[in-house]
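Under the UniProt record's numbering, the residues of the sequence shown are numbered 352 to 626, in order.
Written out below as structure tokens is the structure these notes cover.
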Amino acid sequence: AKENGRNGFFFYERSLTDSLYSRMTLEQDLRHALEQRQFTMVYQPQFRLGEARPRRVEALMRWHHPRRGNISPLEFIAIAETTGMIIEIGEWAMETACRQFLTWRQQNVRLDKIAINVSAIQINSGFADRVLLLLKELDFDPRSLELEITETAMMSGIIEVNRQINQLRAHGVEFSIDDFGTGYSSLSKIKSMPVSLLKIDQSFVRDINDDINDYEIARAVILMAKSLGLTVVAEGVENQAQESTLQRLGCDWVQGYLYGMPLTGEAFVETYRQS
Ligand code: C2E
Ligand code: CA
Ligand code: CA
Ligand code: CA
Numbered sequence: 352a353k354e355n356g357r358n359g360f361f362f363y364e365r366s367l368t369d370s371l372y373s374r375m376t377l378e379q380d381l382r383h384a385l386e387q388r389q390f391t392m393v394y395q396p397q398f399r400l401g402e403a404r405p406r407r408v409e410a411l412m413r414w415h416h417p418r419r420g421n422i423s424p425l426e427f428i429a430i431a432e433t434t435g436m437i438i439e440i441g442e443w444a445m446e447t448a449c450r451q452f453l454t455w456r457q458q459n460v461r462l463d464k465i466a467i468n469v470s471a472i473q474i475n476s477g478f479a480d481r482v483l484l485l486l487k488e489l490d491f492d493p494r495s496l497e498l499e500i501t502e503t504a505m506m507s508g509i510i511e512v513n514r515q516i517n518q519l520r521a522h523g524v525e526f527s528i529d530d531f532g533t534g535y536s537s538l539s540k541i542k543s544m545p546v547s548l549l550k551i552d553q554s555f556v557r558d559i560n561d562d563i564n565d566y567e568i569a570r571a572v573i574l575m576a577k578s579l580g581l582t583v584v585a586e587g588v589e590n591q592a593q594e595s596t597l598q599r600l601g602c603d604w605v606q607g608y609l610y611g612m613p614l615t616g617e618a619f620v621e622t623y624r625q626s
């Protein structure tokens with residue numbers, strides 16, 4: 352028992368220092384990741400329910416760490432946000448995704464829009480101008496761009512965020528609320544959000560057929576959003592049963608492993624090129 356206790360202690364101590372160490376070194380490593388080309392973008396298709404060809408795509412970032420392998424964006428985006436590095440990394444992501452979209456056009460992959468995730472911290476006073484400048488430089492139609500912002504960021508109440516969003520919307524950029532339902536804002540708040548699209552968080556989709564609360568939330572969100580003329584996208588759809596329920600509730604758009612995994616730009620061409 353004594354031996355076990357000692358081993359238990361050492362195990363605990365080591366895992367504790369490991370986690371402190373990795374958070375600090377990850378932060379350091381993140382500073383060099385951009386210049387060392389360790390980031391890539393992958394792309395997941397979005398479908399109008401029932402259609403075989405995707406109309407939209409969401410760009411998602413990947414970090415391949417030379418020693419730790421792939422690190423989840425849930426982990427490194429949070430670090431990038433607290434250190435402010437998200438501004439630079441986010442700009443890289445937007446440029447890379449927009450360029451990919453233009454390349455696809457020439458390869459017979461025709462999509463209406465590309466959706467890019469934007470963190471609240473990126474939306475400072477120069478945000479809209481920087482995005483518009485990038486689009487101009489790339490000769491990219493603003494109407495082909497959709498920006499996803501989480502519900503919490505959207506509800507931050509910061510007037511500047513609304514100002515930046517409205518400036519871009521005036522040029523045709525579309526905005527969606529990501530992870531809707533997780534931010535505790537009341538449904539009636541949807542009305543005042545400067546968006547045209549709403550993404551139901553995957554946590555509600557997962558158990559939509561097994562958890563009556565999740566079902567009721569999804570139902571209420573879809574009903575309310577549609578009555579306000581918003582498009583609803585369900586994310587994280589993994590099986591047919593979830594799809595049927597979403598369809599019955601009137602959800603128009605779907606995204607998830609049931610339809611397509613996130614793919615590299617090249618793999619996306621192979622899968623979705625039109626003959
Ligand atoms: P998100 O924006 O809600 O993206 C959806 C996540 O669900 C992605 O995880 C995607 O790979 C995953 N997913 C897609 N279909 C399914 C499914 O059927 N089942 C399940 N269980 N998961 C599915 P990923 O790529 O790991 O990204 C995690 C989060 O990291 C994103 O959540 C987003 O908040 C953030 N993120 C990713 N890329 C970027 C980026 O370029 N900028 C910013 N600011 N955040 C990003
Ligand atoms: Ca998203
Ligand atoms: Ca989401
Ligand atoms: Ca999410």
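Even glycine gets a Cβ: it sits at the ideal position worked out from N, Cα and C.
Note that the coordinates shown come from a computational prediction; the quantities given were computed from them, not determined experimentally.
Endpoints, alpha helix (DSSP H) assigned at residue i
| i | result |
| --- | --- |
| residue 590 | Neither: residue 590 is in no alpha helix (DSSP H) and is coded neither H nor E. |
| residue 577 | 563 to 578 |
| residue 441 | 437 to 457 |
| residue 517 | 510 to 521 |
| residue 482 | 478 to 489 |
CB contact flag (residue i, residue j, <9 Å)
| i | j | result |
| --- | --- | --- |
| residue 584 | residue 606 | yes |
| residue 572 | residue 531 | yes |
| residue 528 | residue 488 | no |
| residue 475 | residue 438 | yes |
| residue 445 | residue 467 | yes |
| residue 503 | residue 471 | yes |
| residue 521 | residue 560 | no |
| residue 394 | residue 614 | yes |
| residue 602 | residue 551 | yes |
| residue 381 | residue 427 | yes |
| residue 379 | residue 415 | no |
| residue 557 | residue 600 | no |
Residue i burial status per 10 Å Cβ neighbour count (16 or more: buried)
| i | result |
| --- | --- |
| residue 618 | exposed |
| residue 621 | exposed |
| residue 537 | exposed |
| residue 535 | exposed |
| residue 417 | exposed |
| residue 501 | buried |
| residue 402 | exposed |
| residue 354 | Since pLDDT at residue 354 reaches only 44, below the 50 mark, its modelled position is unreliable, and the value read off the structure follows with that caveat. It is exposed - the Cβ of residue 354 has fewer than 16 other Cβ atoms within 10 Å. |
| residue 625 | exposed |
| residue 623 | buried |
| residue 616 | buried |
| residue 568 | buried |
| residue 511 | exposed |
| residue 495 | buried |
| residue 524 | buried |
Ligand 3 heavy atom lying under 8 Å from the CB of residue i
| i | result |
| --- | --- |
| residue 552 | yes |
| residue 586 | yes |
Closer than 8 Å: residue i CB and nearest ligand 1 heavy atom
| i | result |
| --- | --- |
| residue 575 | no |
| residue 501 | yes |
| residue 595 | no |
| residue 444 | yes |
| residue 430 | no |
| residue 392 | yes |
| residue 419 | no |
| residue 626 | no |
| residue 609 | yes |
| residue 410 | yes |
| residue 441 | yes |
| residue 613 | yes |
| residue 425 | yes |
| residue 536 | no |
Where the beta strand (DSSP E) through residue i begins and ends
| i | result |
| --- | --- |
| residue 550 | 548 to 551 |
| residue 412 | 407 to 416 |
| residue 426 | Counting along the chain, residue 426 falls outside any beta strand (DSSP E), though it belongs to the alpha helix (DSSP H) covering 424 to 434. |
| residue 531 | 525 to 531 |
| residue 615 | No beta strand (DSSP E) contains residue 615, which DSSP labels as neither H nor E. |
| residue 497 | 496 to 501 |
| residue 464 | 464 to 468 |
| residue 608 | Note, residue 608: premise wrong, no beta strand (DSSP E); not H, not E. |
Contact shell at 5 Å, judged by CB to any heavy atom of ligand 2, ordered along the chain: 468, 499 and 529
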